[in-house]
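Following: one structure in structure tokens, then a few remarks.
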Amino acid sequence: MNDKNICDDPCPIARCLAFLGDAWSLLILRDAHFGLTRFDQFRKNLGIGPAILTRRLATLTEEGLLEKRLYSERPPREEYVLTAAGRDFLPVLFTMGAWGRQYRGEGQLVRILDAETGAEIRPVLVDEVTGIKIGNRPIRIVEPDGD
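Residue numbers (the numbering used here): 1 to 147.
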């Protein structure tokens with residue numbers, strides 16, 4: 001399956017994976033949520049090659065999760081700032097992290113704390129309509145109507 005086919009897939013998960021389907025993109029978004037904004041900060045923190053980082057930042061910008069902002073005119077320098085779509089991705093990252101803690105939690109792990117209370121954040125996904133935890137009941141998929 002190529003990216004074009006994934007982007008046309010009616011499944012929203014497949015569409016997201018078309019551009020977020022690698023670890024680098026997810027880790028860039030993680031670091032952006034933790035306050036990194038500059039190319040060199042991402043590169044140093046992730047140990048990622050500059051060519052790969054350039055491509056991933058361009059894709060995240062094109063897809064509307066990050067936006068470039070000029071922070072220096074001389075010399076011209078840009079930083080990458082989360083957009084509303086990028087900020088809305090934080091619960092996805094936290095949920096992945098909770099899964100990783102439970103099923104890949106060997107050794108010492110980073111903890112994510114509420115800045116005001118100091119309590120550890122333990123995300124749970126709940127269906128907004130029913131209030132029931134997702135994953136605790138059967139689901140069914142409804143394909144879109146064909147035209």
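All C-beta atoms in this analysis are idealised placements derived from N, C-alpha and C, irrespective of residue type, glycine included.
| query | result |
| --- | --- |
| Through-space distance from P12 to N136, alpha-carbon basis | 21 Å |
| Cβ-Cβ distance between E120 and L113 below 8 Å | yes |
| DSSP three-state assignment for D3, whether helix, strand or coil | Below a pLDDT of 50, predicted positions are generally treated as unreliable, and D3, at 49, falls in that range; no measurement from the model is reported. |
| Where L70 falls: helix, strand or coil (DSSP) | strand |
| Spatial neighbours of L27 in its chain, beta-carbon cut-off 7 Å, leaving aside the 5 residues before and after | L46 |
| Within the stretch 85-112, ranges of the beta strand (DSSP E) (whole runs, at least 3 residues) | none |
| Three-state class that DSSP yields for L82 in the structure shown | strand |
| Residue burial classification, W99 (beta-carbon count within 10 angstroms, cutoff 16) | exposed |
| DSSP state of E120 mapped onto helix, strand, coil | strand |
| Contact check, E79 vs R38, beta carbons under 8 Å | yes |
| Within 8 Å, strictly: CB atoms of G86 and A32 | yes |
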